[in-house]
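First comes the structure, then the notes that go with it.
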Ligand SMILES: Cc1ncc(COP(=O)(O)O)c(C=O)c1O
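Have a look at this one:
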């Protein structure tokens, strides 16, 4: 049973091994040419739709139905937990299959061909998040990026790091080990559920700064509350005092139209298997050019001393390059739709959900209603209702997957819902119907 006190890797109610075996797909037996053709036809259909349906992102309709059809959900699964693991669209799965197939059929290509493709992926990822290719390292996940920052900075005993009160273990423990090993000091800054304004959020951190503060380590996408932290404003304040900022954006890539130059952040870690549609096992780690000289690589083989490129943070020797190529395909897939359009769609679905939820007696939103301070994750609680009851009810009744988050002790316990672009308003209404039904059972 999943526990709110945390690890995102625990089992969830309603899942079985049977589901996993049934999901093995026929695409894996197709030839490389056939898989390439399939991908070309997916992109052709999206391109022709783009021409036909220039419309508001809010309503459902042909456009989003066709996009939904590019995913492969099994048995009517309604996946509203991208915050843990999201689905791969068909082209990404096809690319993964064709690339993994190389190792089975012609392993020479694994070392003679695949590495030559990596720079193309790096460029595509960099353009996607508005960074320079020299600032992008392709790592394994957010946790790895956060560890690289905590391990790679020269901090001395007594130097301070500010963390928010709602960080994920992947963003907290790298600092805890550093605290134990080197005597740095961690200060936890409380943040609201939700904060009422950008000023409130930034002000809390500003107040906690001391002459020994060296870095602020904070989530861009807060997993407990769905807050989108105002990183741009936080960086302005921190940089004016010579303090670095690392953002844990685990959920951000593929959900928000990310722009590293605009955020102005020093380090940024994100997990593209949640909202971007990449496979698990590949992550993106951004290190601003000016910050690279301050950050030592942690894992290394030759290449760690390369000057002027974030490539030095990914010298991992032989890797599963198939995952990296699939990451490139995931970027490609979203580019065909348009990342701005995706962010608007995601936020519009979340906005509808929030508005309708407010009509349920006892409902309390843990997520801001301000679209600047929120994205596709919405967390809430209903007075007198056990969050897990809602999660189990909607899974059994509608095949909707959501989850509990937070902790009772800290007053953050609730339900978390994600609204990715493939979700439609009928499904949002079904979810609300389920929430209402559980709420109505209250004594
Ligand atoms: C905010 C946040 N940070 C970090 C992580 C860890 O991500 P990963 O397992 O990809 O390293 C998660 C996972 O859900 C998360 O929600």
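In the numbering used here, the protein residues as written are 2 to 444. Beta carbons are placed, not taken as given, at the ideal position from N, Cα and C, and that holds for glycine.
Residue burial classification, residue i (beta-carbon count within 10 angstroms, cutoff 16)
i, result
"residue 184", "exposed"
"residue 419", "buried"
"residue 231", "buried"
"residue 428", "buried"
"residue 182", "exposed"
"residue 35", "exposed"
"residue 201", "exposed"
"residue 412", "exposed"
"residue 435", "buried"
"residue 172", "buried"
"residue 405", "buried"
"residue 4", "The pLDDT assigned to residue 4 is 29, lower than 50, so where the model puts this residue is not dependable; a value taken from the coordinates is nonetheless given after this. Residue 4 should be labelled exposed."
"residue 442", "exposed"
"residue 71", "buried"
"residue 306", "exposed"
"residue 271", "buried"
"residue 242", "exposed"
"residue 63", "exposed"
"residue 321", "buried"
"residue 275", "buried"
Distance, residue j Cα to residue i Cα
i, j, result
"residue 130", "residue 342", "15 Å"
"residue 293", "residue 311", "7 Å"
"residue 108", "residue 90", "26 Å"
"residue 277", "residue 437", "31 Å"
"residue 284", "residue 213", "31 Å"
"residue 147", "residue 223", "15 Å"
"residue 236", "residue 229", "14 Å"
"residue 60", "residue 426", "8 Å"
"residue 143", "residue 368", "22 Å"
"residue 400", "residue 77", "7 Å"
"residue 27", "residue 100", "Unreliable positioning characterises residue 27 in this predicted model, as indicated by a pLDDT of 41, which lies under 50. The coordinate reading is nonetheless provided below. When rounded, the distance between both Cα atoms is 16 Å."
"residue 254", "residue 370", "21 Å"
"residue 261", "residue 127", "9 Å"
"residue 45", "residue 364", "44 Å"
"residue 281", "residue 273", "8 Å"
"residue 117", "residue 111", "10 Å"
"residue 32", "residue 337", "24 Å"
"residue 319", "residue 85", "27 Å"
"residue 430", "residue 414", "23 Å"
"residue 211", "residue 154", "19 Å"
"residue 79", "residue 424", "8 Å"
"residue 175", "residue 316", "20 Å"
"residue 389", "residue 119", "42 Å"
"residue 25", "residue 402", "Note on residue 25: pLDDT 39, under 50, position unreliable in the model; no value is reported."
"residue 139", "residue 124", "11 Å"
"residue 220", "residue 279", "21 Å"
Option in the options with minimal Cα separation from residue i
i, options, result
"residue 377", "252, 163, 282 and 288", "252"
"residue 1", "228, 226, 239 and 233", "In the structure displayed, the chain extends from 2 to 444; residue 1 sits before or after that span and is not available."
"residue 178", "156, 167, 196 and 166", "156"
"residue 244", "258, 225, 206 and 38", "206"
"residue 1", "202, 370, 302 and 122", "Outside the shown range of the chain (2 to 444) lies residue 1, about which nothing can therefore be said."
"residue 233", "401, 199, 320 and 363", "199"
"residue 193", "67, 133, 386 and 374", "374"
"residue 291", "407, 133 and 366", "133"
"residue 218", "366, 68, 246 and 242", "246"
"residue 225", "409, 442 and 344", "409"
"residue 197", "388, 443 and 366", "366"
"residue 170", "414, 145 and 154", "145"
"residue 82", "348, 379, 287 and 440", "379"
"residue 287", "49, 136 and 66", "136"
"residue 41", "333, 386 and 387", "333"
is_contact[residue i, chain B] using C-beta, thresh 8 Å
i, result
"residue 99", "The structure shown contains no chain B; it is built from a single protein chain."
Where the alpha helix (DSSP H) through residue i begins and ends
i, result
"residue 275", "273-276"
"residue 144", "143-153"
"residue 353", "340-358"
"residue 96", "91-106"
"residue 249", "Segment 245-249 is the beta strand (DSSP E) holding residue 249; no alpha helix (DSSP H) there."
"residue 109", "109-113"
"residue 285", "Here residue 285 belongs to no alpha helix (DSSP H); instead the beta strand (DSSP E) covers 284-288."
"residue 433", "426-441"
Residue i, enclosing beta strand (DSSP E) - first and last residue
i, result
"residue 173", "Taken as a continuous stretch (DSSP letters only), residue 173 belongs to no beta strand (DSSP E), being part of the alpha helix (DSSP H) at 170-183."
"residue 63", "First-last for residue 63: 63-69, but that is the alpha helix (DSSP H), not the beta strand (DSSP E)."
"residue 418", "415-419"
"residue 162", "161-165"
"residue 392", "Here residue 392 belongs to no beta strand (DSSP E); instead the alpha helix (DSSP H) covers 388-399."
"residue 215", "214-220"
heavy atom of ligand 2 below 7 Å from residue i C-beta
i, result
"residue 249", "By its list of ligands, the structure shown excludes ligand 2, since it contains just ligand 1."
Spell out a yes or no on whether the segment 187-198 and the segment 156-168 are touching, meaning 3 or more CB-CB pairs, one atom from each, closer than 8 Å.
-> yes
Counting Cβ pairs closer than 8 Å, one from the segment 348-357 and one from the segment 265-277, do we hit at least three?
-> no
Okay, do the segment 313-326 and the segment 75-94 touch, 3+ Cβ pairs below 8 Å being the bar?
-> no
Does the segment 35-48 come close enough to the segment 96-115 to have 3 or more Cβ pairs within less than 8 Å?
-> yes
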